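Enquirer: As they're listed, the protein sequences go chains R, X, H and S. Its first residue numbered 15, the first sequence is counted upward by one per residue in the working numbering. Its first residue numbered 15, the second sequence is counted upward by one per residue in the working numbering. Its first residue numbered 15, the third sequence is counted upward by one per residue in the working numbering. Its first residue numbered 15, the fourth sequence is counted upward by one per residue in the working numbering. Glycine included, every Cβ here is placed at the ideal spot set by N, Cα and C. Note that the structure is a prediction, hence the values are computed from the model and not measured. Please read through the structure below; I'll follow up with questions.
4 protein chains.
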Amino acid sequence: MACFAELGFAAVTVREIAGRAELSTGVLYRHFANKEALLRAAFEQSMAEVRATFAEAMATSAELRLSVLVRAAANTVRRHLAFWQLSYAARHQPAVIAALGGALTAWTGEIVAVLTTLLRDTGACDAETEARALFAQIDGMCEHYALAPHSYPLDAVVERVIAQRALLSRAI
Amino acid sequence: MACFAELGFAAVTVREIAGRAELSTGVLYRHFANKEALLRAAFEQSMAEVRATFAEAMATSAELRLSVLVRAAANTVRRHLAFWQLSYAARHQPAVIAALGGALTAWTGEIVAVLTTLLRDTGACDAETEARALFAQIDGMCEHYALAPHSYPLDAVVERVIAQRALLSRAI
Amino acid sequence: MACFAELGFAAVTVREIAGRAELSTGVLYRHFANKEALLRAAFEQSMAEVRATFAEAMATSAELRLSVLVRAAANTVRRHLAFWQLSYAARHQPAVIAALGGALTAWTGEIVAVLTTLLRDTGACDAETEARALFAQIDGMCEHYALAPHSYPLDAVVERVIAQRALLSRAI
Amino acid sequence: MACFAELGFAAVTVREIAGRAELSTGVLYRHFANKEALLRAAFEQSMAEVRATFAEAMATSAELRLSVLVRAAANTVRRHLAFWQLSYAARHQPAVIAALGGALTAWTGEIVAVLTTLLRDTGACDAETEARALFAQIDGMCEHYALAPHSYPLDAVVERVIAQRALLSRAI
DNA sequence: TATGAATGAGAGTTCATTCAT
DNA sequence: GATGAATGAACTCTCATTCAT
């Protein structure tokens, strides 16, 4: 995943990936059918991790759920910083999108669905659009942090986003 | 730019670019030193166009400025989709960042500064954090649209973001 | 064709073929889609040549036709010795047979058809089987000559084959 | 031998050979030094089997010997099709000839010698040339069968060749 | 100045062979 | 002795770049 992110899918050579993993190209091809399969495997790992974090956040009381979820998202990126930097780089590469098929859109779809039910419970009228607006904010925040982890005030923005949600739900 | 965005920098062949421009590879190399120079030129041209659009948005009355700016951002991405897709892909790749110089990071700094002054005028207490939260939302929205331009309900999300700002500024 | 014959289709490298033709691999791939197409092209040239020789032989009087044909076959192999040595090598390689599709069997089919009509005119009862027996003899003779051109008494065998045909047509 | 004949020496993988023999590549390399040694061993085994068949044919009465021999040749090719296909392919490839030593050329010399003595007994004037003409016919027939085993009318051609020999020996 | 055929380094991938288990 | 995962050289094929025309 590090290789794919740093140079792009097409620009990385299989030799380079193997070298960085301290493997021969041979073993690599024993475990993965081809370069594309390698990418797919790296991505699936990423998605599984996020899914787990989300599931955990959803297991809290309905009242706190949203704030737990936003903080969980931020902490996931903080803990797996390198991984997310790479993930963000990868998802905009056409070759990557093609290689992953619908997996990428399916994944964001899932998140929007989870947020939609969550916001419907708080009484939002157009819950899906509300969910998209919230997802955009969380995702944007995480990405900006990933781009400049040393200077970005992640906690402050997290708390502001949570405070905004509180104000907005009260305003409805 | 269309070629680069559709397939990615490494996956496009110079022949393909030349063919789509109805040029021979020969003339192309007379005008651009190499493939990278071609990317740089395409980027600079798009960047100029985008800057003009934003300047126009800032020239409106202080009251409407924020909503005009959000809509302008969305429309810019829509109109220069290829540029933004590439831009989003590029900003996470050290190799591309190096090729484009600091042009990319200067960009985001500018935007946060503009939003901060804009929000300070509406009476936000921690205007910079508020600006970052707003920028995260706008940028996240634009990026999600860039990832799935055919299925993302961009206009609906734009209007929701604007409505949220109205509610929030009243709540303060 | 020389490369394919000496080492076999799979064992020859495209670099070797290019090198021996004093070409770069690049040009080679500009003119031929792939290694298989290269083989196909070489073979088609061979078949055209033989067809021409046969057509010439068939243009003589019906009486002399058979003897002219046998002598023509022998002379063709003698004049294009290198070429036929290669051709004989090639036609037994499974990869070659696969690459050439039905072209190989179609070609021998043609020859058998020509000999069949020729022998039917001389009054043979089962002309097709007679043609196959004759073709086997001519082809076997040419191949044995190709295997040991310096020691094989080609002319003597040619005249013996012609003499046999005379005896056989009288015997019927 | 089946593997080599079906795909050719270079195109078969050692794994495939091992798999079809239900062996691991490891044991295979314990018994044979390398892929070439594997070919040599397969060849020698088949050659022994063929020699036995021919010896049997020569043990019949002088009168029938020629017809028995022609039929034996045809049946040998039919029963050891893979060996012969490989053999025909091999005898034109310098590389294979080198790997197999002089075994292959010695072979044809033996056969011509046998046929010469056999035909001298039937009263042929130039027995060696006659032998070469007959060998060309038998060898050509077998080769044509090896090239298209499913469509070649081997038995019919065999009987025609035998019938021709009867006619010719009567004509002398 | 424009062309596009030619170059050749380097890509993904395979597979004969080895060797720790 | 047997196994089969690991190695890495070498394969076919592509394509950025050059240069004779």
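Should X/Ala66 go down as buried or exposed, given a rule of 16 or more other Cβ atoms within 10 Å for buried?
Expert: Its Cβ having fewer than 16 others within 10 Å, X/Ala66 is exposed.
Enquirer: Could you pull out every residue in the same chain whose Cβ sits closer than 7 Å to the Cβ of X/Arg85, ignoring the five residues on either side in sequence?
Expert: The answer, listed in chain order, is Val172.
Enquirer: On the criterion of 16 or more Cβ atoms from any shown chain inside 10 Å, does H/Glu77 qualify as buried, or is it exposed?
Expert: It counts as exposed.
Enquirer: Is R/Arg44 helix, strand or coil when you go by DSSP?
Expert: If DSSP states are grouped into helix, strand and coil, R/Arg44 belongs with the helices.
Enquirer: Taking 8 Å as the CB-CB limit, is X/Gly137 close to chain R?
Expert: No - not a single Cβ of chain R is within 8 Å of the one on X/Gly137.
Enquirer: Of all the alpha helix (DSSP H) runs that stay within the bounds of the region 27-92 of chain R, which reach a length of 4 or more residues?
Expert: Whole alpha helix (DSSP H) segments, 4+ residues: 28-34, 39-45 and 49-72.
Enquirer: Check whether the region 21-40 of chain X and the region 122-133 of chain R touch, using three or more Cβ-Cβ pairs below 8 Å as the test.
Expert: Touching, no, given that fewer than three Cβ pairs across the two stretches are closer than 8 Å.
Enquirer: Specify, as a first and last residue, the run of the alpha helix (DSSP H) that X/Arg105 falls within.
Expert: First-last for X/Arg105: undefined, no H or E at that position.
Enquirer: Which chain H residues sit within Cβ distance under 7 Å of S/Ala170?
Expert: Per Cβ cutoff of 7 Å: Thr143.
Enquirer: Closest to R/Trp121 by C-alpha separation, out of R/Met155, R/Ser60 and R/Ala162, would be which residue?
Expert: Minimum Cα distance to R/Trp121 is reached at R/Ser60.
Enquirer: Got a sec? Which residues, its chain only, sit under 6 Å from H/Ser101 by beta carbon, not counting five neighbours each side?
Expert: Cβ within range, chain order: Ser60.
Enquirer: Assuming H/Pro108 and S/Glu20 form a contact by the criterion Cβ under 8 Å, report the distance between their Cβ atoms to the nearest whole angstrom.
Expert: 6 Å between Cβ atoms; contact.
Enquirer: Report back the beta-carbon spacing between H/Phe46 and H/Leu52 to the nearest angstrom; my notes put them in contact at under 8 Å.
Expert: Correct: roughly 5 Å between the Cβ atoms.
Enquirer: For H/Leu161, which of H/Met72, H/Arg92 and H/Ala147 has the nearest alpha-carbon?
Expert: Checked all of H/Met72, H/Arg92 and H/Ala147; the closest Cα to H/Leu161 is H/Arg92.
Enquirer: Given that S/Leu182 touches chain H, what residues does it touch there, using C-beta distances under 9 Å?
Expert: Near S/Leu182 (Cβ distances below 9 Å), the residues of chain H are Gln178, Leu181, Leu182 and Ala185.
Enquirer: Roughly how many angstroms separate the alpha carbons of X/Cys17 and X/Gln99, rounded to a whole number?
Expert: So the two alpha carbons sit approximately 12 Å from each other.
Enquirer: Identify which residue in S/Ala55, S/Gln178, S/Asn89 and S/Lys49 has its Cα closest to the Cα of S/Glu70.
Expert: When only C-alpha atoms are compared, the closest one is S/Asn89.
Enquirer: Measuring alpha carbon to alpha carbon, tell me which of X/Ala104, X/Ala73, X/Glu58 and X/Asn48 ends up nearest X/Glu157.
Expert: Minimum Cα distance to X/Glu157 is reached at X/Ala104.
Enquirer: Please report the residue range of the alpha helix (DSSP H) in which H/Cys156 lies.
Expert: Where H/Cys156 is concerned, the enclosing alpha helix (DSSP H) stretches over Ala141 to Leu161.
Enquirer: Can a CB atom of chain S be found closer than 8 Å to the CB of H/Thr119?
Expert: Yes, H/Thr119 counts as interfacial toward chain S.
Enquirer: Expressed to the nearest angstrom, what Euclidean distance is found between the alpha-carbon atoms of R/Gln151 and R/Arg54?
Expert: Each residue's alpha carbon lies about 27 Å from the other.
Enquirer: Which residues in chain X sit within 9 Å of R/Leu161, going by Cβ to Cβ distance?
Expert: By Cβ distance, chain X contributes Arg105, His106, Thr119 and Thr122.
Enquirer: Using the beta-carbon of each residue, which ones in chain H are nearer than 7 Å to S/Arg79?
Expert: By Cβ distance, chain H contributes nothing, its closest Cβ being about 20 Å from S/Arg79, past 7 Å.
Enquirer: Among S/Arg146, S/Ala35 and S/Ala56, which has the Cα closest to the Cα of H/Asp169?
Expert: If we check each option's Cα against that of H/Asp169, S/Arg146 comes out closest.
Enquirer: Just the C-alpha distance for R/Met155 and X/Asp153, rounded to the nearest angstrom, thanks.
Expert: Approximately 9 Å, taken between the alpha carbons.
Enquirer: For chain H, is any of its Cβ atoms less than 8 Å away from the one on S/Ala24?
Expert: With 8 Å as the cut-off, S/Ala24 counts as an interface residue toward chain H.
Enquirer: X/Ala35: which of X/His94, X/Met15, X/Ala96 and X/Ala180 sits nearest, CA to CA?
Expert: That would be X/Met15, whose Cα lies nearest to the Cα of X/Ala35.
Enquirer: Could you check if S/Glu144 is buried or exposed, using at least 16 other CB atoms within 10 Å of its CB as the buried criterion?
Expert: Buried is the call here.
Enquirer: Would you tell me roughly how many angstroms separate the C-alpha atoms of S/Ala32 and S/Leu42, rounded to the nearest one?
Expert: Answer to the nearest angstrom: the Cα atoms are 7 Å apart.
Enquirer: Are the beta-carbon atoms of S/Glu136 and S/Ser75 separated by less than 8 Å?
Expert: The sequence given here places Thr at residue 136 of chain S; Glu does not occur at that position. Cβ distance not < 8 Å, so S/Thr136 and S/Ser75 don't count as in contact.
Enquirer: Which chain R residues are close to X/Gln99, counting only those with a beta carbon under 7 Å from its beta carbon?
Expert: What X/Gln99 touches in chain R: His106.
Enquirer: With a threshold of 8 Å between beta-carbons, can X/Glu50 be considered close to chain R, or not?
Expert: Chain R contact via Cβ: absent.
Enquirer: Give a yes or no on whether 8 Å exceeds the smallest Cβ distance from S/Glu20 to chain H.
Expert: With 8 Å as the cut-off, S/Glu20 counts as an interface residue toward chain H.
Enquirer: Short check: CB of H/Arg179 to CB of H/Leu80, under 8 Å?
Expert: The answer is yes: Cβ separation under 8 Å.
Enquirer: Would the beta-carbon of R/Ala103 be found less than 7 Å away from any heavy atom of the ligand NAD?
Expert: As for the ligand NAD, it is missing from this structure, which has no ligand bound.
Enquirer: Just mark X/Arg174 as buried or exposed, buried being the case when its beta carbon has 16 or more other beta carbons within 10 Å.
Expert: Looking at its Cβ environment, which holds 16 or more other Cβ atoms inside 10 Å, X/Arg174 is buried.
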